[in-house]
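So the structure is just underneath, and the comments pick up after that.
There are 2 protein chains.
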Amino acid sequence: MQTRFVRTLTFLGVIAMSLVACDTPDTSSPPAAPAAVQSAAQPAPQPSVSLAGRVVVAHRGASGYLPEHTLPAKAMAYAMGADYVEQDVVMTKDDQLIVIHDTTLDRTTDVAEKFPGRARADGQHYAVDFTLEEILTLNVTEGFSVENGQKTLNYADRFPLGKSIFKVHTLAQEIELIQGLNHSTGKDIGIYPEIKSPAFHLSEGKDLGAAVLAVLKQYGYTGKTDKAFVQTFEFDELKRLHDEVMPALGVDLKLVQLLDGGDENLWMQTEDGVRQIAQYADGLGPEKSMIIDSESTPDNLRISQLVNYAHANGLQVHPYTFRADSDQVPAYATSFEHMLELFYVNAQVDGVFTDFTDRAVEFLRSH
Amino acid sequence: MQTRFVRTLTFLGVIAMSLVACDTPDTSSPPAAPAAVQSAAQPAPQPSVSLAGRVVVAHRGASGYLPEHTLPAKAMAYAMGADYVEQDVVMTKDDQLIVIHDTTLDRTTDVAEKFPGRARADGQHYAVDFTLEEILTLNVTEGFSVENGQKTLNYADRFPLGKSIFKVHTLAQEIELIQGLNHSTGKDIGIYPEIKSPAFHLSEGKDLGAAVLAVLKQYGYTGKTDKAFVQTFEFDELKRLHDEVMPALGVDLKLVQLLDGGDENLWMQTEDGVRQIAQYADGLGPEKSMIIDSESTPDNLRISQLVNYAHANGLQVHPYTFRADSDQVPAYATSFEHMLELFYVNAQVDGVFTDFTDRAVEFLRSH
Chain A
1392 MQTRFVRTLT FLGVIAMSLV ACDTPDTSSP PAAPAAVQSA AQPAPQPSVS
1442 LAGRVVVAHR GASGYLPEHT LPAKAMAYAM GADYVEQDVV MTKDDQLIVI
1492 HDTTLDRTTD VAEKFPGRAR ADGQHYAVDF TLEEILTLNV TEGFSVENGQ
1542 KTLNYADRFP LGKSIFKVHT LAQEIELIQG LNHSTGKDIG IYPEIKSPAF
1592 HLSEGKDLGA AVLAVLKQYG YTGKTDKAFV QTFEFDELKR LHDEVMPALG
1642 VDLKLVQLLD GGDENLWMQT EDGVRQIAQY ADGLGPEKSM IIDSESTPDN
1692 LRISQLVNYA HANGLQVHPY TFRADSDQVP AYATSFEHML ELFYVNAQVD
1742 GVFTDFTDRA VEFLRSH
Chain B
1392 MQTRFVRTLT FLGVIAMSLV ACDTPDTSSP PAAPAAVQSA AQPAPQPSVS
1442 LAGRVVVAHR GASGYLPEHT LPAKAMAYAM GADYVEQDVV MTKDDQLIVI
1492 HDTTLDRTTD VAEKFPGRAR ADGQHYAVDF TLEEILTLNV TEGFSVENGQ
1542 KTLNYADRFP LGKSIFKVHT LAQEIELIQG LNHSTGKDIG IYPEIKSPAF
1592 HLSEGKDLGA AVLAVLKQYG YTGKTDKAFV QTFEFDELKR LHDEVMPALG
1642 VDLKLVQLLD GGDENLWMQT EDGVRQIAQY ADGLGPEKSM IIDSESTPDN
1692 LRISQLVNYA HANGLQVHPY TFRADSDQVP AYATSFEHML ELFYVNAQVD
1742 GVFTDFTDRA VEFLRSH
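Residue numbers (this note's numbering), protein chains in the order written: chain A, 1392 to 1758; chain B, 1392 to 1758.
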């Protein structure tokens, strides 16, 4: 009991610090490194914490079981009880919006065989260099790497290479799948599109962010109460969406700032950085090691202050990516479900991006 | 208690009669009408009956929620926990096996718009008149009827017409989906292909039954312990599969005789008929009113002897089709789940074909 009392005091202290910090003027030149405080001792699990309202985001669909970003993978994730289904969005040569994770087609399609000679100097085939009609001729597969001329699955135990038939589809077609399922099931499952590499798209003369938001508006996603989050890694794009694109379209959607581990983005993990992001965003999407340090051990769980900073600034936190494959559970957790418990219960995240929607949904249902 | 005692005696009597009946010589000219005995009083529900081993067959996929026989509908049914996923199989002009319910393309595709002038005299477009390449240009939709030139959904509250993108696929592609999911999930979900209109196909010069079984063999379905049932409505085809096609291929799969309401097939519902079928088949697939009379009322549930006849002859019984749409639950049941209880518990069926796999799975899990 004394431990819990001390922890409660510590927690209240952090809240108080955060509230005080809110009054500090913004700095336009953020610090170069995160100042996240980490707890030295692992708190015991807190199963009494209510998990009501916590969400599961189907990362690229039920991508642990079917090739990512295919309609069958989306239907499967929907059936598994996802609260949101994620769409990564990229633009084609003819300005069509397609749902695919990479700006290149190489990892998940047979583009190299079907379109020889169409790669850029880096050997990659870019979606922006192909028309939608060309892209629809490709077969989509589970993600692979080529080693010594052989294709090898990136996750060995997932859906086998080259089996069945999967195709690329458009953002509109995916929204129509989700909305059609909402109609036939009576549920209200949300979408979670990402503006992929907006600066790259702009350099190619394509305003991906504006095009995605226009489609969302067309399908009725216009306000913060609609079941949609729009995410991007690029802070400049987040600001542009907030300050220019959304006002021009007359919409006001929930925005999520994604956080990668790049040195130039370390400021996003600081208290000042989070406060700055909160001027534009409604949520943070950090890589999960930014919340629980990868070097944590079962006896020494190192939880950062990032969630506290976010909550103090009214931001939800949806870390990525929770995978149950055999080598994807960090050493500090005994199982995939234990990892979920550490994040939902101990670290108090609001949702997770996971390739294994079924198991995260089951975890929330049973807690 | 007395009622239960009487019922038990009655049940034992039926079993005894069935066992005696087994010794009766077969008649090659079956009686013209079913002699099924019907109970006059509705037995009370028997929730203590074990439902272990009872199965759920996803009828055309998760067809209550997504367009039937599409890969997203199959992935959804798989995620919902179906034990078997059904495939209706039809042959194309170029001898490809496609998964589609009707021998015609009109109810579930835009063939009428895409291929004007290709209908037969009856106004219908037959799959057997089109190549696979042609059929792949079609968009698949929720089933509809055309009234006054307007397309209307056959089930009003299902997936909306013309939304998203769905395509026809081959039997091999569907088997690869199920087997790929079995690999990625670690489950062992079965297939349940139907030889559609085999006499029609033979009249078109196509041996559909042999072609389907050859594909099944290619994918490892060869014996009765493999998770596959092969079903057909035509008794002549059932016999031919059993006596000629399977021996020629060196396979011995589980066969299911489907029962429709046609006058010429009423013999199949008789005790002698069931015994005759059992010489070739492992299961019966009757329309569900053959087990519980549609004219039943809550106070007078009329259960036929068909399940008793089948079980006495070693046949499993998988009636069709269990639908939860508002007008699809018979008046004798208070709800879709009550209907399931009457069939699984009172009538003792071994499985059901349902458009709503999720609800049947949940029913079995909670009983």
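The beta-carbon is built from N, C-alpha and C at its ideal position, and this holds for glycine as well.
Of the other Cβ atoms in all chains shown, 16 or more fall within 10 Å of the Cβ of A/P1677; this residue is therefore buried.
By the Cβ-count criterion, B/G1742 is buried, with 16 or more other Cβ atoms from all chains shown falling within 10 Å of its own Cβ.
Note: A/I1489 is bridge-paired with A/V1481 and A/T1561 in the DSSP secondary-structure output.
In the DSSP assignment, A/I1582 is bridged to A/V1476 and A/A1619. Beta bridge pairing from DSSP links B/L1650 with B/P1677. Per DSSP, B/Q1667 lies in no beta strand (DSSP E); the unbroken alpha helix (DSSP H) holding it starts and ends at E1662 to I1668. Taken in chain order, the members of the segment 1535 to 1554 of chain B whose beta-carbon sits within less than 8 Å of a beta-carbon on chain A are D1548, R1549, F1550, P1551 and K1554. For the pair of segments examined, the segment 1479 to 1492 of chain B was found not to touch the segment 1505 to 1515 of chain B: the number of CB pairs separated by less than 8 Å stays below three. For the options A/L1632, A/Q1696, A/D1497 and A/K1645, the alpha carbon positioned closest to that of A/F1620 is the one of A/K1645.
For B/Q1696, there is no enclosing beta strand (DSSP E), as DSSP marks it with neither H nor E. Within the segment 1576 to 1606 of chain A, the residues whose Cβ lies closer than 9 Å to any Cβ of chain B are, in chain order, T1576 and G1577.
Going by DSSP, A/L1544 is part of the beta strand (DSSP E) stretching over Q1541 to L1544.
Within the segment 1643 to 1665 of chain A, no residue has a Cβ lying closer than 8 Å to any Cβ of chain B. For B/V1720, the three-state secondary structure derived from DSSP is coil. Looking at the backbone, the Cα of A/I1582 and that of A/G1664 are separated by about 26 Å. A Cβ-Cβ contact shorter than 8 Å links A/L1650 with A/M1681.
Boundaries of the beta strand (DSSP E) around A/V1446: V1446 to A1449. For A/Q1564, a Cβ of chain B is located within less than 8 Å of the residue's own Cβ. Comparing C-alpha distances from B/S1588 to each of B/D1479, B/H1574 and B/S1726 shows the shortest one belongs to B/D1479. Taking CB atoms only, A/H1560 has a neighbour in chain B less than 8 Å away. Between the C-alpha atoms of A/A1669 and A/H1702 there is a straight-line separation of about 10 Å.
Shown here for A/L1496: same chain residues with a beta carbon closer than 6 Å to its own, the five before and five after excluded, namely V1502, H1516 and A1518 in chain order. Chain-order list of chain B residues neighbouring A/E1567: K1554 and S1555, by C-beta distance under 7 Å. Around the beta-carbon of B/D1627, fewer than 16 other beta-carbon atoms lie within 10 Å, marking it exposed.
With respect to B/T1543, B/L1488 sits apart: the two C-beta atoms are not nearer than 8 Å.
Distance from the CA of B/A1602 to the CA of B/G1653, rounded to the nearest whole angstrom, comes to 27 Å. Under the 8 Å criterion on CB atoms, A/G1611 is classed as non-interfacial with respect to chain B. Within the same chain, Cβ atoms closer than 8 Å to the Cβ of A/K1615 are found at D1643, L1644, K1645 and D1673, the five residues on either side in sequence being excluded. Two segments are said to touch when three or more pairs of C-beta atoms, one from each, lie closer than 8 Å; by this definition the segment 1444 to 1452 of chain B touches the segment 1463 to 1475 of chain B. Setting aside the 5 residues that flank it on each side, A/F1734 is surrounded in the same chain by K1679, I1682, I1683, P1710, F1713, V1740 and V1743, each with a C-beta closer than 8 Å to its C-beta; the list follows chain order. By the CB criterion at 8 Å, A/L1675 and A/V1647 fall inside the cutoff. In this structure, DSSP gives B/F1734 a helical state, which the three-state scheme calls helix.
DSSP lists B/V1446 as the bridge partner or partners of B/G1742. When DSSP reads this structure, B/Y1517 sits in a beta bridge with B/T1495. Distance between A/G1444 and B/E1525, taken at the CA atoms: about 48 Å. In terms of Cα proximity to B/L1692, the closest of B/N1699, B/N1737 and B/V1708 is B/N1737.
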